[in-house]
Amino acid sequence: MIRNYFITAWRNLLRNKVFSLINLSGLALGLTCSLLIMLWIKDERRVDGFHANGQQLFNVYEREYAEGEVGATYATPALLAEEMKKTLPEVEYASSYFLDQNIFRVGDKIFKQQGAWVSNDFLKMFSFPLLQGNINNVLQDPANIAISRKMAVLLFGSPAEAIGKTVQYSNKENLVVTAVFNDIPANSSLQFDYLHNWQQFLHLHPAEAKWSGQIAQTFIQLRKNANAALFGPSITKFLDKYYTTQGPGLRKELGIQRFDERYLRSKFSNGVPIEGRIEYVKLFSLVAIFILLIACINFMNLSTVRAAKRTREIGVRKVVGAERGTLILQFIGEAMLLVFFSIILSLVLVQMLLPLFNHITGKQIALPVAQPVFWLQLIGLGLITGFIAGSYPALVLSSLRPVKALKGVLRFSNSSVNFRKGLVVFQFVLSILLITGTIVISKQVNFLQTRNLGYTKENLVTIPIEGDLDRQYAVLKQKALQQSGIKSMSLMTGSPTGIGNYQDSIIWEGKDPLYRPTMAVVSVGYDFIKTMGIQLLQGRDFSPAYGDKENSFLVNETAAQRFGFKSPLGQTLRLEGGEQGPIVGVVKDFHLSSLHDQVEPLIINLSEKGWGTIVVRTEAGKTQQALTLLGSLCKELNPAFPFTYHFADKEYEALYKSEQMIGTLSKAFAFLAILISCLGLLGLAMFTASQRTKEIGIRKVLGASVARVFVLLSGEFLKLVLVAFVIAVPFSWWLVHQWLDNYAYRTELSWWIFAAAGTVALLIALLTVSAQAIKAATANPVKSLKTE
10 MIRNYFITAW RNLLRNKVFS LINLSGLALG LTCSLLIMLW IKDERRVDGF
60 HANGQQLFNV YEREYAEGEV GATYATPALL AEEMKKTLPE VEYASSYFLD
110 QNIFRVGDKI FKQQGAWVSN DFLKMFSFPL LQGNINNVLQ DPANIAISRK
160 MAVLLFGSPA EAIGKTVQYS NKENLVVTAV FNDIPANSSL QFDYLHNWQQ
210 FLHLHPAEAK WSGQIAQTFI QLRKNANAAL FGPSITKFLD KYYTTQGPGL
260 RKELGIQRFD ERYLRSKFSN GVPIEGRIEY VKLFSLVAIF ILLIACINFM
310 NLSTVRAAKR TREIGVRKVV GAERGTLILQ FIGEAMLLVF FSIILSLVLV
360 QMLLPLFNHI TGKQIALPVA QPVFWLQLIG LGLITGFIAG SYPALVLSSL
410 RPVKALKGVL RFSNSSVNFR KGLVVFQFVL SILLITGTIV ISKQVNFLQT
460 RNLGYTKENL VTIPIEGDLD RQYAVLKQKA LQQSGIKSMS LMTGSPTGIG
510 NYQDSIIWEG KDPLYRPTMA VVSVGYDFIK TMGIQLLQGR DFSPAYGDKE
560 NSFLVNETAA QRFGFKSPLG QTLRLEGGEQ GPIVGVVKDF HLSSLHDQVE
610 PLIINLSEKG WGTIVVRTEA GKTQQALTLL GSLCKELNPA FPFTYHFADK
660 EYEALYKSEQ MIGTLSKAFA FLAILISCLG LLGLAMFTAS QRTKEIGIRK
710 VLGASVARVF VLLSGEFLKL VLVAFVIAVP FSWWLVHQWL DNYAYRTELS
760 WWIFAAAGTV ALLIALLTVS AQAIKAATAN PVKSLKTE
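Heads up, the final residue of the sequence shown is numbered 797 in our numbering, and it's a clean run with no missing numbers.
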């Protein structure tokens, strides 16, 4: 019997090639989108999920209560990890973690690598297996270093050859390789090629060895018998005995988060990490469901259209004794067969599209064909899709009465017709939602990239200060400014896209002791304001002509408001490190971070120490000429280090890589959704035309023009799109408004966005039904009247 079902199904597919091709295309496109999204979601969820001790691994974060607000950060004191392990019995291992990037030299080989400063427990906690070395004493000595397999091959030829060898770090320090670990997998949020001793970091940076600073990430591993649910609340007041500044005006607490949850939930809300990339996972999960539903709805409508040619077959089957349940199984079986072919086609399409998809998403996804779970999931997806797609046509066709079926008469009730129209409306509601979202995302990304940041990011080059550049900075600046193509030069801690230094113990005259605002602090050299293109509102810039020395200050508008001075000029500030001096100017607020956040109160401190980043303003059209000159000068003044640079505008664009990815994918999925929806609309148009053939013939005999018949047929479908538009607008407004709430600065949500989405849907729908409407309107009325 089952064999007979499939033979019949196969014959029906071949007999109705056009409908079968449309159905196959719609389902294949829907399944392709769903599979790509499913693979992406699976890859997102498996990040950091490979650690053997994952159940006990936690990220410690710091929560701050100040000025009636709650903030939180993963940046914690440099001494925290060691102290938690020493004083808390539940903590088995603990490690600090701070990213580093530096130059390594072995003989004539010079490489720049990214690594991290970590505690000795680090490799005991995380599953980064050693290829060479003893895990118990990898970083016990400050002169030890562990390197990746890739780095070992680059420097020494193989992991085994690297053990015991010496590498020169930062052209100054000789380190002994004591371990080689396997290359870090792509699904790790921690990426590094070497590990350096944390105690050595504190030795080289004694100013960071204090409780008031926030520089390191802190990871802990709880003992297996420890209860994380009880441990988390128990450490909220852990900092009380180490922070002398705790009080009503400022309070800091600790919290913990499962390490394998951090990648998806790294954005803090009310002091708790609950948001982040998980929002994208939820969003695209819905998109996958929506697109698959649209494809299934197409199948329902097109299968119903095909039913007009199968009524006699159904009547014969019923006359010879076929029960309704048997017919339902047959039609669902036909749907399953088509879904089976669609899955095969979608797998081919996914394999073809994966390189492009990986390029857009920055992933390394491959079809997991060797994993049985994947095939089980695929079979499950196919069964669900086939059941959803085939159930409605099966129920409708199996309900036909034998006598009418044998006559070839197929008439549906108003409720049945309205249901199919409702499905089309639902399709276009989803399509309009996707179109609206695509427009808003594109508009917001454009807004972020073109917004006035308060400084000019174009023609601005940054050079990391390495090796002798700190000593040679004055010479570099003098020689560079003598050449064409370079307008000005300065230096700063951090970079134009990130500060990294925040203080909450700043002192000024008349300050309330309980008032403890956290402020960003950046140290800069002379000509910083000129080089960045920042607007000076009051006072003056730093200048040796005024006798300015280190520890004069500029502040931005937001900081000036927080101080509460009637006139900030001349007021004295004292920073946490003891730096003290007058405020000599106020600058207009400018952004040194993502537009997800408000402009922070900022103190700009004069310092010519020459560490951090050199910023260079080049003349428009002469940037490459300037880079060639700077490269020659750096090679002359700092020969041991390769010349590296970054463009400030490109670094800024990189802050919104996720938004760009979401925008690109949204455009693709919106296009596919509207394409699949139009296939469904085409099916309904064909069905309606076949059902109203006699009516159209009568109208034409009575004098109706082709244009009038065209309007009659197409107008009905356009009404469906208009209904979908009315339904979609409030939902789309709410959804995009929720997404835009993630940004402190955002594009305007104008009415034309929704109008444009509706217009696009309407025009595409009109083009879709036009051909069918024209065909029906121009048909010979004599033939039309012979249909019954």
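Every residue, glycine too, gets a C-beta built ideally from N, C-alpha and C.
Remember, predicted model here, so these are calculated numbers, not experimental data.
- prompt: How would you write the range of the alpha helix (DSSP H) that Leu-97 sits in, first residue to last?
  reply: Run containing Leu-97: none; DSSP gives neither H nor E here.
task: Quick one: measure Cβ to Cβ for Thr-465 and Ser-602, integer angstroms, because I've assumed they're closer than 8 Å.
output: Actually they are not in contact, since the Cβ atoms of Thr-465 and Ser-602 sit about 17 Å apart, beyond 8 Å.
field: C-alpha distance - Val-732 paired with Lys-291, whole-angstrom precision
entry: Val-732 and Lys-291 have their C-alpha atoms some 27 Å from each other.
Under the three-state DSSP convention, the category Ala-414 falls into: Note on Ala-414: pLDDT 48, under 50, position unreliable in the model; the coordinate value appears next. Residue state, collapsed to three classes: helix.
- prompt: Hey, Ser-450 and Gly-672: beta-carbon distance below 8 Å or not?
  reply: A small fix is needed here, since residue 450 is Ile in this sequence, not Ser. In contact: Ile-450 and Gly-672 (Cβ atoms closer than 8 Å).
- prompt: Would Glu-645 count as contacting chain C if we go by Cβ distances under 8 Å?
  reply: Although the question refers to chain C, the structure presented lacks it and comprises just one protein chain.
message: What does the alpha-carbon distance come out to for the pair Arg-856 and Ala-155?
response: The structure shown does not extend to residue 856, since the chain is modelled only from 10 through 797, so no value can be given for it.
- request: Please work out which residues of its chain come closer than 6 Å, Cβ to Cβ, to Arg-571, disregarding the five sequence neighbours upstream and downstream, and give them in chain order.
  value: Pro-526, Pro-610
- prompt: How is the beta strand (DSSP E) around Tyr-203 delimited, first residue to last?
  reply: 203-206
- request: Pull up the CB-CB distance for Tyr-511 and Ala-529, whole angstroms please, since I reckon it's below 8 Å.
  value: Sure, about 6 Å apart at Cβ, within 8 Å.
task: Entirely within the region 142-223 and at least 4 residues each: give me those alpha helix (DSSP H) ranges in chain order.
output: 158-165, 168-171, 207-213
message: Give me, in chain order, the residues of the same chain whose beta-carbon lies closer than 7 Å to that of Lys-174; leave out the 5 immediate sequence neighbours on both sides.
response: Phe-165, Val-186
message: Helix, strand or coil, according to DSSP, for His-746 in the structure here?
response: helix
query: Taking DSSP as the reference, what is the three-state secondary structure of Tyr-464?
result: coil
- request: Could you check which residue in Phe-340, Leu-338, Leu-358, Thr-394 has the C-alpha nearest to that of Phe-349?
  value: Thr-394
- request: Identify, in the order they occur along the chain, each residue of the same chain with its Cβ nearer than 6 Å to the Cβ of Ile-224, setting aside the five sequence neighbours on each side.
  value: Ala-87, Glu-217
- prompt: Can you tell me where the beta strand (DSSP E) with Ala-827 in it begins and where it stops?
  reply: Nothing can be reported for residue 827: it is not among the residues displayed for the chain, which extend from 10 to 797.
- prompt: If you draw a straight line from the C-alpha of Leu-490 to the C-alpha of Ile-623, how long is it?
  reply: 14 Å
- prompt: What's the gap between the Cα of Phe-562 and the Cα of Leu-204?
  reply: 37 Å
task: Can you give me the Cβ contacts of Val-769 inside the same chain, cut-off strictly under 6 Å, excluding the 5 residues immediately before and after it?
output: Ile-444
Span of the beta strand (DSSP E), counted from its first residue to its last, around Thr-622: 622-627
message: Give me the residue from Gly-476, Leu-48, Ile-388 with the minimum Cα distance to Pro-651.
response: For Pro-651, the nearest C-alpha among the options comes from Gly-476.
query: Ordered along the chain, which non-local residues of its own chain (more than five positions away) have a Cβ less than 7 Å from that of Val-745?
result: Thr-445, Gly-446, Val-449, Leu-758
message: Quick check: Thr-227 and Ser-105, are their CB atoms within less than 8 Å of each other?
response: yes
Where the alpha helix (DSSP H) containing Lys-233 begins and where it ends: Lys-233 -> no alpha helix (DSSP H), and no H or E assigned at all.
query: According to DSSP, which residues form a beta bridge with Glu-262?
result: Paired residue(s): Arg-72.
query: Who pairs with Ala-103 in a beta bridge, going by DSSP?
result: According to DSSP, Ala-103 bridges with Ile-229.
field: Own chain residues within Cβ distance below 6 Å of Arg-260, not counting five before or after
entry: Tyr-74
- prompt: Using the rule of at least 16 other Cβ atoms within 10 Å of the residue's Cβ for burial, across every protein chain shown, is Met-361 buried or exposed?
  reply: Met-361 is exposed by the Cβ-count criterion.
task: Would you kindly report the start and end of the unbroken beta strand (DSSP E) that includes Gly-548?
output: DSSP places Gly-548 inside the beta strand (DSSP E), whose first and last residues are 545-548.
task: Could you check the C-alpha separation between Glu-71 and Glu-660 for me, to the nearest Å?
output: So the two alpha carbons sit approximately 28 Å from each other.
Outcome for His-600 when other beta-carbon atoms lying within 10 angstroms are tallied against a minimum of 16: buried
- request: Return the chain-ordered list of same chain residues with a C-beta closer than 7 Å to the C-beta of Glu-99, the five sequence neighbours on each side being excluded.
  value: Leu-231, Arg-232, Ala-235, Phe-240
Proximal residues to Ala-737 (C-beta, below 6 Å), its chain only, five neighbours per side dropped: Val-438, Ile-441, Leu-442
field: Pro-215 beta carbon near the ligand SAH (any heavy atom closer than 7 Å)
entry: Because no ligand of any kind appears in the structure shown, any question about the ligand SAH cannot be addressed here.
- prompt: Where do the N-terminal and C-terminal ends of the alpha helix (DSSP H) with Val-470 fall, by residue?
  reply: Val-470 -> not in any alpha helix (DSSP H); beta strand (DSSP E) instead, spanning 469-473.
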